[in-house]
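In the working numbering, the protein residues as written are 255 to 557.
(1) In the DSSP assignment, the alpha helix (DSSP H) including residue 380 goes from what residue to what residue?
(2) Taking residue 443 as part of the beta strand (DSSP E), name the residues at either end of that continuous run.
(3) So what does residue 333 bridge to, in DSSP terms?
(4) With a threshold of 8 Å, are at least 3 pairs of Cβ atoms found where one atom belongs to the stretch 470–478 and the other to the stretch 500–517?
(5) If I follow the unbroken beta strand (DSSP E) through residue 432, where does it start and stop?
(6) Could you check which residue in 276, 409, 447 has the C-alpha nearest to that of residue 301?
(7) Using the beta-carbon count (16 or more within 10 Å), is residue 462 buried or exposed?
(8) Give the DSSP bridge partners of residue 320, in chain order.
(9) How many angstroms separate the CA atom of residue 384 from the CA atom of residue 373?
(10) Bridge partners for residue 622 per DSSP, in chain order?
(11) Is there contact here, the stretch 424–442 with the stretch 306–320, by at least three beta-carbon pairs under 8 Å?
(12) Go through its chain and collect everything with a Cβ distance to residue 394's Cβ below 8 Å, but skip five positions before and after it.
(13) Where residue 406 and residue 415 are concerned, what is the direct C-alpha to C-alpha distance, given to the nearest angstrom?
(14) Could you give the C-beta distance for residue 449 and residue 436, rounded to a whole number, given that I count them as a contact under 8 Å?
(15) Could you give the distance in angstroms between the alpha-carbon of residue 285 and the alpha-carbon of residue 396?
(16) Apart from the five residues on each side of it in sequence, which residues of its chain come closer than 6 Å, Cβ to Cβ, to residue 562?
(17) I need the straight-line Cα distance from residue 276 to residue 466, nearest angstrom please.
(18) Are the CB atoms of residue 392 and residue 309 within a distance shorter than 8 Å?
(19) Report the residue from 464, 446, 487 whose alpha carbon sits nearest the alpha carbon of residue 439.
(20) Can you check DSSP and say which residues form a bridge with residue 448?
(21) Using the beta-carbon count (16 or more within 10 Å), is residue 332 buried or exposed?
(22) Among 491, 495, 486, which one has its Cα closest to the Cα of residue 519?
(23) By DSSP, does residue 504 sit in helix, in strand, or in coil?
(24) Going by CA-CA distance only, name the one from 446, 268, 399, 412 that's closest to residue 422.
(25) Determine the DSSP secondary structure at residue 472, reduced to helix, strand or coil.
(26) What number of angstroms, rounded off, separates the C-alpha of residue 401 from the C-alpha of residue 517?
(27) When burial is assigned at 16 or more other CB atoms within 10 Å of the CB, is residue 267 buried or exposed?
(28) Apply the 10 Å Cβ neighbour rule to residue 287 and answer buried if 16 or more other Cβ atoms are within range, or exposed otherwise.
Here it is, written out as structure tokens:
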């Protein structure tokens, strides 16, 4: 029997694009299901119903790659070998230097990761994520980016992480930071155990944009009132899917595009910038929509 997202594959797309579309739809579905399941735990405060903020994770919310931090934690627990950890680290270093993903590196890393999780308990995976977050990731959150996320929360807006990291781990980070939730790569599971297969593909590039649009459709968000934050040019599909885009600790390509399009640039990697965590005017205006404006904007057509 075909899954919900498989039944809605658009035609006229390449196989890779179809996988990204499936990944995005699966991510939105998983995130929304968890969000609805936690409805009773949400604070009863006024909410801006049609605006939200979407944050990339690696080098945007977290210093470095969350996947490397997680791999370090696994290696320290003897779940993976030091050799595999070193190889994965080298792939990430090459990516950060060149700004481009090597298809062979991506395929190799994905294959090893899926082989590792096959047959493992989803609950165990989440527990490991919580332990490793506390040990290795908590102190690597960029204070400046966290302040921006809090700005949106204080305005009554939803705040979502959007990342290629498995959704279980992304949800741990979101929960620890007090955010609304996370859109991440969905790992297929049956009877509480991972099968070793992805639902679609890794959530990256256009897959992130698909996920955001899928979530917006479910939550009634007006994407023109939403904001996206990222450090990477690879996230252009996500950044251009919303009304306001902000470059955080940008790579050279994203910095150039941001300057050309007059996007806000916030760089927290140096002392002079981190010392002053100001809120850009455009962002402040976007976060102060208020409940009345939010309800009125529901009549707008969504992008």
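Even for Gly, the Cβ is constructed at its ideal location relative to N, Cα and C. All values reported here derive from a predicted model rather than from experimental measurement.
The short version:
(1) Indexing the chain shown from 1 puts residue 380 at position 126. Segment 376–386, the alpha helix (DSSP H) holding residue 380.
(2) Along the chain shown, read from residue 1 onward, the residue named residue 443 stands at position 189. First-last of the beta strand (DSSP E) with residue 443: 441–444.
(3) For the purposes of this step, residue 333 is taken as the residue at position 79 of the chain shown. Partner(s): none; residue 333 has no beta bridge.
(4) no
(5) The count along the chain shown starts at 1 and reaches residue 432 at position 178. Where residue 432 is concerned, there is no enclosing beta strand (DSSP E), given that its DSSP letter is neither H nor E.
(6) The residue labelled residue 301 in the question sits at position 47 within the chain shown. Looking at the Cα atoms, 409 is the closest of the given residues.
(7) For the purposes of this step, residue 462 is taken as residue 208 along the chain shown, with counting starting at 1. So residue 462 counts as buried.
(8) Your numbering for residue 320 matches position 66 in the chain shown. In DSSP, residue 320 forms no bridge with anything.
(9) On the chain shown, residue 384 is found 130 positions in, with the first residue counted as 1. On the chain shown, residue 373 is found 119 positions in, with the first residue counted as 1. Using only the alpha carbons, I get a separation of about 20 Å.
(10) Beyond the ends of the chain as shown, which are 255 and 557, falls residue 622; an answer cannot be given.
(11) yes
(12) Numbered from its first residue, the chain shown carries residue 394 at position 140. So the list reads 316, 317, 318, 323, once near-sequence residues are dropped.
(13) Along the chain shown, one-based indexing puts residue 406 at 152. Along the chain shown, one-based indexing puts residue 415 at 161. Whole-angstrom Cα-Cα distance: 13 Å.
(14) Residue mapping note: residue 449 aligns to position 195 of the chain shown, counting from 1. Residue mapping note: residue 436 aligns to position 182 of the chain shown, counting from 1. Not a contact, Cβ separation roughly 21 Å.
(15) Residue numbering aside, residue 285 sits at position 31 when the chain shown is read from its first letter. Residue numbering aside, residue 396 sits at position 142 when the chain shown is read from its first letter. The alpha-carbon atoms of residue 285 and residue 396 are separated by roughly 24 Å.
(16) In the structure as shown, the chain starts at 255 and stops at 557, and residue 562 therefore has no counterpart that could be examined.
(17) Here residue 276 is taken as the residue at index 22 of the chain shown, counted from 1. Here residue 466 is taken as the residue at index 212 of the chain shown, counted from 1. Looking at the two C-alpha atoms, the distance is approximately 13 Å.
(18) Taking the first residue of the chain shown as 1, we reach residue 309 at position 55. Taking the first residue of the chain shown as 1, we reach residue 392 at position 138. No, Cβ-Cβ distance for residue 309 and residue 392 is not below 8 Å.
(19) For this step, residue 439 is matched to residue 185 along the chain shown. Cα-wise, what sits closest to residue 439 is 464.
(20) The count along the chain shown starts at 1 and reaches residue 448 at position 194. Answer is 443.
(21) Here the question's residue 332 lines up with position 78 in the chain shown. Looking at its Cβ environment, which holds fewer than 16 other Cβ atoms inside 10 Å, residue 332 is exposed.
(22) The residue you call residue 519 lines up with position 265 of the chain shown. Comparing Cα-Cα distances from residue 519 to each of 491, 495, 486, the minimum goes to 486.
(23) Within the chain shown, the letter at position 250 stands for residue 504. The answer is coil: DSSP assigns residue 504 none of H, G, I, E or B.
(24) Mapped onto the chain shown, residue 422 falls at position 168. Residue 422 has its Cα closest to that of 446, out of 446, 268, 399, 412.
(25) Along the chain shown, one-based indexing puts residue 472 at 218. In this structure, residue 472 counts as helix in the three-state DSSP scheme.
(26) What you label residue 401 is simply residue 147 of the chain shown in a count that begins at 1. What you label residue 517 is simply residue 263 of the chain shown in a count that begins at 1. Their Cα atoms are separated by approximately 19 Å.
(27) One-based indexing of the chain shown puts residue 267 at position 13. Flag for residue 267 reads exposed.
(28) For the purposes of this step, residue 287 is taken as the residue at position 33 of the chain shown. The residue in question, residue 287, is exposed, as its Cβ has fewer than 16 Cβ neighbours within 10 Å.
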